[in-house]
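Structure first, then comments.
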Amino acid sequence: MDTRRDVTTRSAAERRRRQLLPVVVLGGGLALAGCSAGAPSTLDPAGSGAGRVANLWWLLFWISMAVFAEVMAVLAWALLVRRRRDVRVRHGQPLRFVTVAGAGIPLVILVTVYAVGLRDLAALGDDPGPRAPTIEVTGHKWWWEVRVQGVDGATANELHIPVGEKVRVRLRTADVLHSFWVPQLMPKTDLIAGEVRETWLHAERAGNYRAQCAEYCGTQHAHMAFRVVAEPRHDYDAWVARLAAPAPAPQTDAQRRGQEAFLQGSCAGCHAIRGTAANGRIGPDLSDVGSRWSIGAGAVPNDGGHLGGWIANSQTVKPGNYMPPQPVDASRLPDLIAYLQSLR
Amino acid sequence: MSTTAAPAPGASREELAALEEHWGERPSLRSWFSTVDHKRIGRRYLVTAGFFFVLAGLSALAMRTQLARPESRLLSPQEYNQLFTMHGTAMIFLFATPMLFGFGNFLVPLMIGSRDMAFPKLNALGYWVFLFSGLFMWASLPFGAAPNAGWFAYVPLTEEQNTPGLHMDVYSLGLLFLGIATAAGSINFIVTALKLRAPGMSLNRVPLFVWAIVATAFMVIFALPALNLDNAMLFLDRRFGTHFFDPGAAGNVLLWQHLFWIFGHPDVYIIVMPALGIVSAVLPAFTRRGVVGYALIVLAIVSIAIISFGVWVHHMFATGLPRLSYSFFSAASTIITIPSGIQIFAWLATMALGRLVLKVPMLFLIGFIVTFVLGGFTGTMFALTAFDQQVTDSYFVVAHFHYVLIGGAVFPMLAGIYYWLPKITGRMYHEGLGRWAFWLVFAGMHVTFFPMHLYGLFGMPRRVYTYRSEPGWDGWNLVSTAGSYLLAIGLLLVLIGVVHAIRRGRPASPDPWEGDSLEWSTDSPPKPYNFPVLPQVHSVHPTWDEASRESMGGGATGDRILADGRRTLLTSELDGRRERAVEMPESSLQPLVLALAMLVFFTAMLVAWYPVAAVAAVAVAVTIAVWLWPPRRPDRELGVRA
Amino acid sequence: MSIRGGVAAATGTEALTTELPVGRSTGWWGMVMFVATEATLFACLLGSYFYLRFQYGGPWPPGGITKPELLVPLVMTAVLLPSSLPMVWAERGIRKGQRWRLRSGLAATLVLGVTFLALQAEEYAGKLREFTMTTNAYGSLFYLITGFHGLHVLVGLTMIGWLLAASLRGGSFGAHRHDRVRNAAIYWHFVDLVWAAILFTVYLSPRL
Ligand code: HEA
Ligand code: HEA
Ligand code: CUA
Ligand SMILES: [Cu+2]
């Protein structure tokens, strides 16, 4: 067998590579960088976890583009040169070319990126240390229960972290599998039934980071979003203090009537409001519902109209969720809304 | 060789008549149901898998239409979830594998110079079971009872308390039912390729496509049991209150994932491997030379088949397993790219040395290389655990697997359809129409799936029936949707092209491409007995090689004509030495009856009519007993002493 | 021109020689592949047993179930493992064309196999009073593994009964035609061997 190296192919490949590379890369790079500003994008990291992975991505991206250019160059050369009717078919077996290009070069690349990948994996697995605050998150179909370790109260679909500090997040699920994913801060960790998982969050800049359940969990997997608020330490401490304190008492008459409606209606069977008789555990704790960024884990914005719509029939808003339509008297609805909105 | 009445130089007129007498089937309703001819069965596989492809593809169009804009209300979440589950399940189980089995069925006996598969009746059974299990699953959709928990059906979501109703029973029973067809088909391929090769076809002369099919079949044999067990346990948990996956009673939810992916990862290579085999089979005709590095490619095929069993945990990189195991599975997943790299560069070298003939099949091969390589790269990226944890379960993964599935499996299939259409139907396709189809499919594919990389990176999770408007999500989703329509139009043109060829196509000569493997040295379409004279093979490219061709013409010997019955040759496993001629079974209704009895069994299990299921199980046993009942022979012939 | 004559001319002889040991038959390969896939299924099943056991962590068997008694399973083993011997003897016999050996060997295996199933039923009767398939995952595993194996024994016995029936009819098997006997024998040996693995996993390993 002829194992001579195919010289023509190689040098032509080199030439092509130079011409093709800028085109491909420019297109890809532009598309990636340009269109995501404001989205919960992994390429716009705000913390050390996601930051590391973003760097890894760019390394992989450039290598891929280079190898892709190599493949395209050979292909283009064949298409341009070997298509003429008069070319002589050559019957060699350039096995050296095949093994070097198909196994040798890839092996070198792969060993390198594997090593880098291991380093990053180790970094992601780093324990935040014993003194880091611990947030307990429990996944429910289809909302997130959030507690701070050592604090009694709970909230939902929103968790706060102090900027610049590593925060441990302990993950459990009440039912099926979910996955905890804050694209701009940290890759995913699944919530496994019957087990406890841990991850951590770390934000370098203050901000609101949109996040979403990433493991398919049934009908409303699409609306199981949450938000991570990274804020200065004192704001974070205030958030923890609010979690520990009773919910604000009603101030106006409307709010008082609303509270009455809440406690007398079916609501209290499923929802808790700290400092009141309502202590249901089926639905989210509503003690600070007025300050949440959304209703229904990202289903709709949190404003009076949507709140009323949700209470009257959340099934039209988030079909299949576990809160049944509530037979609330139309006349009492505004009071109820007023009360809930005052809980912040 | 000619298609007219004049006998081929090898076999005499009387012998041809005798062969026709023994193998021919008079068209009748009965023969339609009882045929065991691998070519008819192969065609049926192709058509049926194509039909399921259209259903699954139309489901995808519905999904894409829903996702075109944020917060669209076209589909309810319940509908969307059933559609994406059926889309994935059907594409993987009812389209990709059966489609490639269809190619295998039609081609393997022809490529190895045999008159049928090793077990023709089992082959017929496989087809009927595939058809019935596919209909069984799709029939649940109009009732709103289709599977709805994704194609990998993670527990505990799929347990009774979280998904009541028949949805997941349809899934588990349907896949168990289908598994019978897949396993039967695989055993058949292995035995056929081991024992029925033409004399002289030693292992180093076996066509690469056949190698790929055999490696695939071995993967099925060792991978499918894991899926079957998983589904059996799921069904028992749901119906009979067992606790395999219940962490509250010593069960474990990750057991499902391990078993599923021990099957699931080899399964993706089960899909791509025969498709890569098609690439190796089609390329020689359009580069005018043999594929570079035959031995290297065989080595690559075999090593992919083996390594593919050691990487399954890369689908579980976010479940929080120990880091040590992640490092191992990450290493294995990076290594598995090497054999693919070898194949890619072997094909590139083949093109770079040969003379390219840019007919439609070749266009699809080029489309394959471009697309598959990109999909492979993203696969390699996932092999790095840290990166995978960031993009898993996002649209980036959806982009990866459509690139490899469509680029790596569908493009080669389309190449194969155009390439073998003349052999299968005896008609040529319309080249211009084919070119249009290629460009539309190619453009449609990339317009649909390239943006998924982007919005996946921008944080969009998969399996969401709707999403809130985010920069970078809505615009690109719309592009994807537009692309999917383009793709659909392209595929429609493929369909039109096939129908047009069958109806109006130019009659094809036996060897329109001057191909290298044995199917090109017999008629288009082949006679029921495939070859008037079974070839004596002298090289890897028998149709290009004078001696092999001669063996079917002037050099024919009576022991390779075997006209005095329905017979074909057995040869030795390794070097293809002639062993003996064997009698092949006649057509029979037993396969259909058996498959129907199984259908009754599975349907009865589904609707919990257990007594009916028991009766059906007995019917299955009786049918098998009758099927295999030994024919009565005189003692002298049997060799009985006592 | 074709070169005629030789083997093909003597059709009668060829029919006679078709099942002489010229290489493996397709049926043999088919059965071996079938057994290979079945063996993988059992491997997955036993693997699942160990996976659940070690993931569980607590005392095994869980939920206060006592460790399995060994007496009955050991007797079952003593019945099932030797049942392969008459099968081998029967197969050797028919290879020489001795029909009586085939018949008596099959009958002996049949008796042993049925005894095994009877013992298993007996064992179940005791176990079911302690725990069932729905008690916990251990119960599910126990009954799935042993029940699935029992089902295989039943299938094997059906094959053997079927062979016996066919051989009693006459005109079925002989020195040149015994593929079906050989294939059923392969299956039976496999069912036997798997039992050894089950004995180890289900009955012995909890004591380790
Ligand atoms: C045809 C099917 C097919 C094929 C061929 C592949 C090929 C590969 N796949 Fe893919 N994969 C799927 C189908 C397939 N995959 C599916 C369906 C899923 C998702 C299931 C689901 O979640 O629903 C999936 C998901 C998936 C994951 C999990 C992602 C996740 O869910 O988080 C991973 C992780 O490692 C992975 C890896 C790989 C790798 C390393 C290859 C490699 O084999 C690729 C090798 C090929 C090349 C690399 C290109 C050619 C090589 C060269 C040109 C040489 C030079 C190369 C380098 C230097 C890198 N795949
Ligand atoms: C071989 C496998 C295969 C193939 C070919 C395809 C093909 C396509 N897939 Fe599929 N897909 C999967 C396997 C496949 N997919 C899998 C395994 C999943 C994961 C499921 C899960 O998460 O559980 C998935 C998931 C998946 C999703 C993600 C869903 C989600 O996560 O929410 C999407 C979304 O866009 C999608 C789109 C498409 C599209 C537009 C096509 C198109 O290519 C389809 C084109 C085909 C047709 C349109 C039909 C043919 C048409 C004709 C012949 C013309 C006649 C018809 C007319 C036009 C009238 N697929
Ligand atoms: Cu929770 Cu998806
Ligand atoms: Cu995989």
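Quick mapping for you: the protein sequence lines, in order, are chains A, B and C. Taking UniProt numbering, the leading residue of the first sequence gets 1, the next gets one more, and so forth. Taking UniProt numbering, the leading residue of the second sequence gets 1, the next gets one more, and so forth. Taking UniProt numbering, the leading residue of the third sequence gets 1, the next gets one more, and so forth. Positions of the beta carbon are idealized from the N, C-alpha and C atoms, including for glycine.
So that I know if they touch, is there some Cβ in chain C lying closer than 8 Å to that of P225 of chain B?
With respect to chain C, the C-beta atom of P225 of chain B has a partner C-beta closer than 8 Å.
Sub-8 Å separation of I271 of chain B and L100 of chain B beta-carbons:
Result yes, Cβ atoms of I271 of chain B and L100 of chain B sit closer than 8 Å.
Closest Cβ-Cβ distance between A5 of chain B and chain A: below 8 Å?
In this prediction, A5 of chain B has a pLDDT of 42, which is less than 50 and means its spatial position is unreliable; nothing more can be read from the coordinates.
Applying the criterion that 16 or more other CB atoms from any shown protein chain within 10 Å of the CB defines a buried residue, is F240 of chain B buried or exposed?
By the neighbour-count definition (other C-beta atoms within 10 Å, threshold 16), F240 of chain B is an exposed residue.
C-alpha distance - G576 of chain B paired with G293 of chain B, whole-angstrom precision
Straight-line Cα distance between these residues: approximately 22 Å.
Which chain F residues are close to G407 of chain B, counting only those with a beta carbon under 7 Å from its beta carbon?
Given the protein chain composition of this structure (A, B and C), no chain F is represented.
For H258 of chain B, is the beta carbon positioned less than 7 Å from some heavy atom of ligand 6?
Ligand 6 is absent from the structure shown, which contains only ligand 1, ligand 2, ligand 3 and ligand 4.
Other residues of its chain near P22 of chain A: CB distance less than 8 Å, five sequence neighbours each side excluded
Caution is warranted here: a pLDDT of 48 is assigned to P22 of chain A, below 50, making its placement in the model unreliable, and no coordinate value can be reported.
In chain order, what residues of the stretch 120 to 135 of chain C put their CB closer than 8 Å to some CB of chain B?
Taking 8 Å as the Cβ-Cβ cut-off, the stretch 120 to 135 of chain C approaches chain B at M133, T134 and T135, given in chain order.
Proximal chain A residues relative to Y467 of chain B, where beta-carbon distance stays under 8 Å
The answer, in chain order, is A222.
Closer than 8 Å by beta-carbon distance: list the chain B residues that pair up with W188 of chain C, in chain order.
Under a criterion of Cβ atoms nearer than 8 Å, no residue of chain B is adjacent to W188 of chain C; the nearest Cβ is some 16 Å distant.
With DSSP run on the structure shown, which of helix, strand or coil describes T135 of chain C?
Assignment of T135 of chain C by DSSP, reduced to helix, strand and coil, places it in the coil class.
Grab me the residues of P266 of chain B's own chain with a C-beta within less than 7 Å of its C-beta, minus the 5 sequence neighbours each way, in chain order.
M219, A223, S308 and F309, listed in sequence order.
Please state the DSSP three-state secondary structure of M224 of chain A.
Here M224 of chain A carries a coil assignment [DSSP, helix/strand/coil].
Using a Cβ-Cβ cut-off of 7 Å (strictly less than) and excluding sequence neighbours within five positions of A619 of chain B, which residues of its own chain qualify?
Closer than 7 Å at the Cβ level, and outside the excluded window around A619 of chain B, lie A597.
Between the stretch 463 to 470 of chain B and the stretch 420 to 438 of chain B, are three or more C-beta pairs nearer than 8 Å?
Flag = no, the stretch 463 to 470 of chain B and the stretch 420 to 438 of chain B do not touch.
The beta strand (DSSP E) spanning D190 of chain A covers which residue range?
That run of the beta strand (DSSP E) goes M186 to L191.
Taking only heavy atoms of ligand 4 into account, decide whether any of them is closer than 7 Å to the Cβ of V272 of chain B.
V272 of chain B: no, Cβ never under 7 Å from ligand 4.
What in chain A is Cβ-close to D230 of chain B, meaning under 9 Å?
None at all; the shortest Cβ gap to chain A is about 16 Å.
Am I right that G113 of chain B and P512 of chain B are in contact with their C-beta atoms under 8 Å? What's the rounded C-beta distance?
About 20 Å separates the two Cβ atoms, so there is no contact after all.
Assigned exposure category for V622 of chain B - 16 Cβ within 10 Å defines buried:
V622 of chain B is classed as exposed because its beta carbon has fewer than 16 other beta carbons within 10 Å across all chains shown.
How far does the beta strand (DSSP E) with Y209 of chain A in it reach, from first residue to last?
Y209 of chain A -> beta strand (DSSP E) spans G207 to Q212.
For the beta strand (DSSP E) that E215 of chain A lies in, which residues bound it at each end?
Here E215 of chain A belongs to no beta strand (DSSP E), and DSSP marks it neither H nor E.
Could you give the residue range of the alpha helix (DSSP H) that holds I187 of chain B?
Annotation: the continuous alpha helix (DSSP H) that includes I187 of chain B extends over H167 to K195.
Using the three-state DSSP reduction, which class does T371 of chain B fall into: helix, strand or coil?
In this structure, T371 of chain B counts as helix in the three-state DSSP scheme.
Can you name the start and end residues of the alpha helix (DSSP H) that P451 of chain B belongs to?
From DSSP, the alpha helix (DSSP H) with P451 of chain B extends over E431 to L457.
If you follow the beta strand (DSSP E) that H178 of chain A is in, where does it begin and where does it stop?
Counting along the chain, the beta strand (DSSP E) containing H178 of chain A begins and ends at H178 to V182.
Might you give, ordered along the chain, the residues of its own chain that have their beta carbon closer than 8 Å to the beta carbon of L307 of chain A, omitting 5 neighbours on each side?
Only I295, I337, L340 and Q341 meet the Cβ criterion.
Taking only beta carbons into account, state which residues of the stretch 361 to 372 of chain B come closer than 8 Å to chain A, listed in chain order.
For the stretch 361 to 372 of chain B, the residues whose beta carbon sits under 8 Å from a beta carbon of chain A are, in order, I366, I369 and V370.
So for P424 of chain B, helix, strand or coil by DSSP?
The sequence as given places Ile at residue 424 of chain B; Pro does not occur at that position. In the structure shown, I424 of chain B sits in a helix (DSSP, three-state: H, G or I).
Beta carbon of V397 of chain B: closer than 7 Å to some heavy atom of ligand 4?
No, Cβ of V397 of chain B sits at least 7 Å from all heavy atoms of ligand 4.
Closest residue to P284 of chain A among A:V87, A:L118 and A:F226 (Cα-Cα distance):
Out of A:V87, A:L118 and A:F226, the CA that lies nearest to the CA of P284 of chain A is found in A:F226.
Look at the alpha carbon of R10 of chain A and the alpha carbon of I369 of chain B, and state the distance between them as a whole number of angstroms.
A caution first: R10 of chain A carries a pLDDT of 40, below 50, which makes its placement in the model too unreliable to give a value.
With DSSP run on the structure shown, which of helix, strand or coil describes E231 of chain A?
If DSSP states are grouped into helix, strand and coil, E231 of chain A belongs with the strands.
Is the distance from the Cβ of A349 of chain B to the Cβ of Y429 of chain B below 8 Å?
With contacts defined as CB atoms closer than 8 Å, A349 of chain B and Y429 of chain B fail to qualify as a contacting pair.
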